[in-house]
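Before any comments, here is the structure.
Number of protein chains: 2
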Amino acid sequence: MCVLTRPILEINLDKLVENYKYLKEIKSFGAVSAAVIKDDAYSLGADKVAQSLYEKADCRDFFVAHALEAEKVRPVVGDSKIYVLQGVGEDSLEVFQRLNLIPVINSWEQYLFWKAHKFGELKPVLHVETGLNRLGCRLCDVEKLSEAERGSFSFVMSHLACADAVGHFMNEKQLKAFQEIKAKYFPQTPASLSASDGVFLGKDYTFDMVRLGAAVYGINTAPWHEKTLQNVITIKAPVLAVSTLKEGDYVGYGATYKAVAERKLAVVSIGYGDGMFRSLSNVGKVFFNKVPADIIGRISMDNVICDVTSVPEVNVGDLATIVGDFYTVDEMGADAQTIGYEILSRFGKNTRFIRKYIES
Amino acid sequence: MCVLTRPILEINLDKLVENYKYLKEIKSFGAVSAAVIKDDAYSLGADKVAQSLYEKADCRDFFVAHALEAEKVRPVVGDSKIYVLQGVGEDSLEVFQRLNLIPVINSWEQYLFWKAHKFGELKPVLHVETGLNRLGCRLCDVEKLSEAERGSFSFVMSHLACADAVGHFMNEKQLKAFQEIKAKYFPQTPASLSASDGVFLGKDYTFDMVRLGAAVYGINTAPWHEKTLQNVITIKAPVLAVSTLKEGDYVGYGATYKAVAERKLAVVSIGYGDGMFRSLSNVGKVFFNKVPADIIGRISMDNVICDVTSVPEVNVGDLATIVGDFYTVDEMGADAQTIGYEILSRFGKNTRFIRKYIES
Numbered sequence: 002m003c004v005l006t007r008p009i010l011e012i013n014l015d016k017l018v019e020n021y022k023y024l025k026e027i028k029s030f031g032a033v034s035a036a037v038i039k040d041d042a043y044s045l046g047a048d049k050v051a052q053s054l055y056e057k058a059d060c061r062d063f064f065v066a067h068a069l070e071a072e073k074v075r076p077v078v079g080d081s082k083i084y085v086l087q088g089v090g091e092d093s094l095e096v097f098q099r100l101n102l103i104p105v106i107n108s109w110e111q112y113l114f115w116k117a118h119k120f121g122e123l124k125p126v127l128h129v130e131t132g133l134n135r136l137g138c139r140l141c142d143v144e145k146l147s148e149a150e151r152g153s154f155s156f157v158m159s160h161l162a163c164a165d166a167v168g169h170f171m172n173e174k175q176l177k178a179f180q181e182i183k184a185k186y187f188p189q190t191p192a193s194l195s196a197s198d199g200v201f202l203g204k205d206y207t208f209d210m211v212r213l214g215a216a217v218y219g220i221n222t223a224p225w226h227e228k229t230l231q232n233v234i235t236i237k238a239p240v241l242a243v244s245t246l247k248e249g250d251y252v253g254y255g256a257t258y259k260a261v262a263e264r265k266l267a268v269v270s271i272g273y274g275d276g277m278f279r280s281l282s283n284v285g286k287v288f289f290n291k292v293p294a295d296i297i298g299r300i301s302m303d304n305v306i307c308d309v310t311s312v313p314e315v316n317v318g319d320l321a322t323i324v325g326d327f328y329t330v331d332e333m334g335a336d337a338q339t340i341g342y343e344i345l346s347r348f349g350k351n352t353r354f355i356r357k358y359i360e361s
Numbered sequence: 002m003c004v005l006t007r008p009i010l011e012i013n014l015d016k017l018v019e020n021y022k023y024l025k026e027i028k029s030f031g032a033v034s035a036a037v038i039k040d041d042a043y044s045l046g047a048d049k050v051a052q053s054l055y056e057k058a059d060c061r062d063f064f065v066a067h068a069l070e071a072e073k074v075r076p077v078v079g080d081s082k083i084y085v086l087q088g089v090g091e092d093s094l095e096v097f098q099r100l101n102l103i104p105v106i107n108s109w110e111q112y113l114f115w116k117a118h119k120f121g122e123l124k125p126v127l128h129v130e131t132g133l134n135r136l137g138c139r140l141c142d143v144e145k146l147s148e149a150e151r152g153s154f155s156f157v158m159s160h161l162a163c164a165d166a167v168g169h170f171m172n173e174k175q176l177k178a179f180q181e182i183k184a185k186y187f188p189q190t191p192a193s194l195s196a197s198d199g200v201f202l203g204k205d206y207t208f209d210m211v212r213l214g215a216a217v218y219g220i221n222t223a224p225w226h227e228k229t230l231q232n233v234i235t236i237k238a239p240v241l242a243v244s245t246l247k248e249g250d251y252v253g254y255g256a257t258y259k260a261v262a263e264r265k266l267a268v269v270s271i272g273y274g275d276g277m278f279r280s281l282s283n284v285g286k287v288f289f290n291k292v293p294a295d296i297i298g299r300i301s302m303d304n305v306i307c308d309v310t311s312v313p314e315v316n317v318g319d320l321a322t323i324v325g326d327f328y329t330v331d332e333m334g335a336d337a338q339t340i341g342y343e344i345l346s347r348f349g350k351n352t353r354f355i356r357k358y359i360e361s
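The listed protein sequences derive, respectively, from chains L and Y.
Numbering-wise, the numbering used here puts 91 at position 90 of the first sequence, and it's gapless, one number per residue.
Numbering-wise, the numbering used here puts 320 at position 319 of the second sequence, and it's gapless, one number per residue.
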């Protein structure tokens with residue numbers, strides 16, 4: 002018997018690099034394959050991820066959301082291009098200059114700010130709105146630009162709203178809008194429309210650069226397509242205690258679970274403080290050698306309790322699998338009433354994990 | 002106009018200390034008032050919080066969940082006692098010895114491990130189960146202990162399941178079970194039953210030590226009681242873009258929001274990558290000078306989009322309030338179908354915030 006207390010997060014960088022190469026070689030149709038490593042590479046460690054993609058897959062174009070996210074990336078990617086999706090502002094200008102970052106211009110105000118503060122020969126990216134109605138300059142802004150100004154961008158980009166659903170009317174609508182803006186205002190400027198869901202929609206959607214994010218991390222960005230991407234993370238957590246629940250006993254805060262018969266339960270050392278969604282209370286499951294054990298009662302900050310009555314031989318110190326190849330962040334997302342993106346982005350931010358990188 | 006990109010997290014340590022003092026002076030009935038600073042003090046920074054409580058409120062007893070959480074606490078709390086709720090194991094023994102931490106023994110296996118590896122004159126805490134059915138030794142384990150062994154603990158503790166609901170049958174049931182175990186097996190050992198919800202249940206529940214956590218951070222742990230605790234955090238995020246939505250336009254991923262009339266919208270620089278629960282999509286709100294603006298469409302990793310049609314004068318660079326005195330983590334928790342504890346524990350883990358501590 003081994004008494005343990007800490008959860009474990011394993012990140013397989015080899016599989017991550019394979020996902021990137023698959024998307025680059027099979028799905029990008031020759032477009033530049035930029036890697037999206039924002040939000041600390043979906044919390045998996047932007048430095049580790051960027052370095053692997055740079056060294057093992059010749060990636061030379063990276064996207065972060067905020068300038069400060071590039072602090073730990075710049076040292077490991079040589080003079081690669083690093084684009085900043087949220088754009089530039091007074092609270093980030095110094096970082097842009099110091100790390101030589103390329104802003105994405107998302108609004109007229111950001112454009113004016115850039116004009117007033119631009120540095121070097123750097124050509125920013127212009128983000129134009131085509132239907133998502135999130136970031137991106139509107140047509141009325143584009144029309145304010147002179148021809149010389151329109152020529153001052155290295156790329157024109159937009160972003161799809163429904164690219165995970167093949168045949169969705171929004172895809173064609175946005176594609177058309179983007180093609181029209183490009184033809185009319187930016188005929189000579191390279192273009193980028195798709196992230197890692199859009200690349201599954203085919204060659205029309207890839208243009209000159211694709212921005213590969215979620216799918217690189219194993220998220221199934223094209224649920225309609227045969228799954229071709231590999232799971233990248235495994236989360237395990239040790240059993241702290243095993244006990245017997247008598248008929249009529251309650252479990253957890255609020256006493257939301259009541260045993261209708263004798264049950265065997267295990268307390269596992271992971272909770273919402275580690276990123277385990279509390280919405281999995283009384284709904285989710287953990288696994289022992291691929292045998293599922295239902296989560297019973299409310300998930301607390303440091304622990305989940307599960308019913309191991311039908312699981313053969315569970316002992317203190319055994320590791321429960323929380324996320325793995327057979328129960329991915331997408332599947333957990335469905336159980337937690339969210340998406341794999343949010344599941345993934347949350348787990349890796351927690352410092353109580355023993356974090357291991359697998360790399361050949 | 003000021004163009005900004007990063008969200009801001011303000012933590013008011015003065016109010017936090019006042020909350021602790023209120024709980025200690027008014028609600029603890031002379032019991033030792035330990036501070037629970039697990040999960041990095043609910044993500045607010047265990048070092049900062051512990052130092053404030055140590056220096057400004059004479060707190061000398063701290064609880065963490067995992068031993069490694071004490072790494073940054075030990076240097077700022079002198080020789081205060083630091084208890085570790087998840088207990089001790091092979092993956093943490095070294096940290097216990099080096100930082101002189103006190104384990105809570107939660108199972109028979111943890112007790113055997115402690116017996117085999119104990120160090121110094123240190124007396125652990127025995128956690129006994131009284132109805133939560135999470136951690137804690139069962140009666141059958143307690144009965145295996147000799148009288149001398151039972152005398153080797155500095156405290157005997159348990160934990161309440163429903164202490165946030167006055168009059169809940171579980172409270173009296175657990176109190177009785179705890180009193181019986183104490184009287185029969187630990188008549189001379191100091192005792193601890195309540196966390197910061199239990200202290201509102203009165204003197205019977207406070208025993209010799211209370212463990213003050215959530216309420217110190219402003220969470221309303223006694224919703225039935227007049228609110229006496231102060232909000233401790235403020236979260237703001239800048240507007241990146243303002244635009245007009247035409248009738249029939251869609252917003253966000255999946256095009257889940259469709260405008261039935263012209264709307265004005267603002268894109269705010271905070272998303273689930275910053276800890277904003279995606280379950281607030283099309284449900285939650287943000288505020289401009291206390292005027293609410295509905296979140297429309299799905300929340301994405303870096304942004305939320307809100308309807309500012311009825312908000313006077315919103316411009317790029319303006320700060321939207323995400324959490325504040327008038328919209329607390331408890332209220333956001335209700336909107337997000339969870340609790341303030343999970344909201345709080347998640348936000349502070351995100352490094353994209355400009356983090357400010359307010360302290361006199």
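Using N, Cα and C, we set each Cβ at its ideal position, and we do this for glycine too.
Apply the 10 Å Cβ neighbour rule to residue i and answer buried if 16 or more other Cβ atoms are within range, or exposed otherwise.
{"i": "Lys177/L", "result": "exposed"}
{"i": "Val268/Y", "result": "buried"}
{"i": "Asp80/Y", "result": "exposed"}
{"i": "Gln175/Y", "result": "buried"}
{"i": "Trp115/Y", "result": "buried"}
{"i": "Ala71/Y", "result": "buried"}
{"i": "Asp429/Y", "result": "Because chain Y spans 2 through 361 in this model, residue 429/Y falls outside it and cannot be assessed."}
{"i": "Gly49/L", "result": "Just to set this straight, residue 49/L is Lys in the shown sequence, not Gly. Classification for Lys49/L: buried."}
{"i": "Lys247/L", "result": "exposed"}
{"i": "Ile236/Y", "result": "buried"}
{"i": "Phe170/L", "result": "exposed"}
{"i": "Lys28/L", "result": "buried"}
{"i": "Ile355/Y", "result": "exposed"}
{"i": "Glu144/L", "result": "exposed"}
{"i": "Thr264/Y", "result": "Reading the sequence as shown, one finds Arg at residue 264/Y and not Thr. Classification of Arg264/Y: buried, given that the 10 Å Cβ count is 16 or more."}
{"i": "Glu130/L", "result": "buried"}
{"i": "Pro313/L", "result": "exposed"}
{"i": "Ser361/L", "result": "exposed"}
{"i": "Gly334/L", "result": "buried"}
{"i": "Gln111/Y", "result": "buried"}
For the candidate residues the options, whose alpha-carbon lies nearest to that of residue i?
{"i": "Cys307/L", "options": "Asp326/L, Thr329/L, Val330/L, Ser282/L", "result": "Ser282/L"}
{"i": "Gly90/L", "options": "Val4/Y, Tyr23/Y, Ala162/Y, Gln87/Y", "result": "Val4/Y"}
{"i": "Ser270/L", "options": "Gly88/Y, Asn20/Y, Glu11/Y", "result": "Gly88/Y"}
{"i": "Asp15/L", "options": "Lys39/L, Tyr55/L, Ala192/L, Arg7/L", "result": "Tyr55/L"}
{"i": "Thr190/Y", "options": "His160/Y, Ile83/Y, Pro293/Y, Phe208/Y", "result": "Phe208/Y"}
{"i": "Cys141/Y", "options": "Gly168/Y, Val284/Y, Trp109/Y", "result": "Trp109/Y"}
{"i": "Ile359/Y", "options": "Leu100/Y, Val324/Y, Leu17/Y, Val200/Y", "result": "Leu17/Y"}
{"i": "Lys39/Y", "options": "Ile83/Y, Ser361/Y, Ser193/Y, Gly318/Y", "result": "Ile83/Y"}
{"i": "Asn304/L", "options": "Arg99/L, Arg264/L, Tyr273/L, Lys57/L", "result": "Tyr273/L"}
{"i": "Ala327/Y", "options": "Lys286/Y, Gln98/Y, Ser301/Y, Ser193/Y", "result": "Checking the displayed sequence, the identity of residue 327/Y turns out to be Phe instead of Ala. The residue with the shortest Cα to Cα distance from Phe327/Y is Lys286/Y."}
{"i": "Asp205/Y", "options": "Asn13/Y, Phe30/Y, Ile12/Y", "result": "Phe30/Y"}
{"i": "Val330/Y", "options": "Glu314/Y, Ser361/Y, Thr245/Y, Phe278/Y", "result": "Phe278/Y"}
{"i": "Asp317/Y", "options": "Thr245/L, Cys138/L, Asp41/L", "result": "Note that residue 317/Y is Val in the sequence shown here, rather than Asp. Among Thr245/L, Cys138/L, Asp41/L, the Cα nearest to that of Val317/Y belongs to Cys138/L."}
{"i": "Leu194/L", "options": "Ile344/L, Ala51/L, Gly249/L, Val126/L", "result": "Val126/L"}
Could you check if residue i belongs to the surroundings of the ligand FAD, using beta carbon to heavy atom distance under 6 angstroms?
{"i": "Pro8/L", "result": "By its list of ligands, the structure shown contains no ligand whatsoever, and the ligand FAD lies outside what it can speak to."}
Residues in the region 334-349 of chain L having any Cβ partner in chain Y nearer than 9 angstroms: Gln338, Thr339, Ile340, Tyr342, Glu343, Ser346, Arg347
Length-filtered (4 minimum) alpha helix (DSSP H) runs lying within the region 129-178 of chain L: 140-143, 148-151
Whole beta strand (DSSP E) elements within the region 227-282 of chain L, 3-residue minimum: 234-246, 264-269
Cβ contact check for the region 179-191 of chain L and the region 146-154 of chain L: 3 or more pairs under 8 angstroms: yes
contact_flag[the region 342-357 of chain Y, the region 242-258 of chain Y] where n(CB pairs < 8 angstroms) is 3 or more: no
Stretch-stretch touch, CB-based, cutoff 8 angstroms, three pairs: the region 111-129 of chain L with the region 17-36 of chain Y: no
Touch test, the region 104-118 of chain L against the region 201-219 of chain Y, Cβ-Cβ under 8 angstroms, three pairs minimum: no
Three CB pairs or more closer than 8 angstroms across the region 229-239 of chain L and the region 20-31 of chain L: yes
Near-chain Y residues of the region 47-81 of chain L (beta-carbon distance less than 8 angstroms), N- to C-terminal order: Ala66, His67, Ala68, Leu69, Glu70
Under 7 angstroms (Cβ pairs) to chain Y, residues found in the region 228-258 of chain L: Leu241, Ala242, Ser244, Leu246, Asp250, Tyr251, Val252, Gly253, Tyr254, Gly255, Ala256
4 or more residues per run - each alpha helix (DSSP H) lying fully within the region 323-350 of chain L: 330-336, 341-348
Residues within the region 273-287 of chain L neighbouring chain Y, beta-carbon criterion of under 9 angstroms: Tyr273, Gly274, Asp275, Gly276, Phe278, Arg279, Ser280
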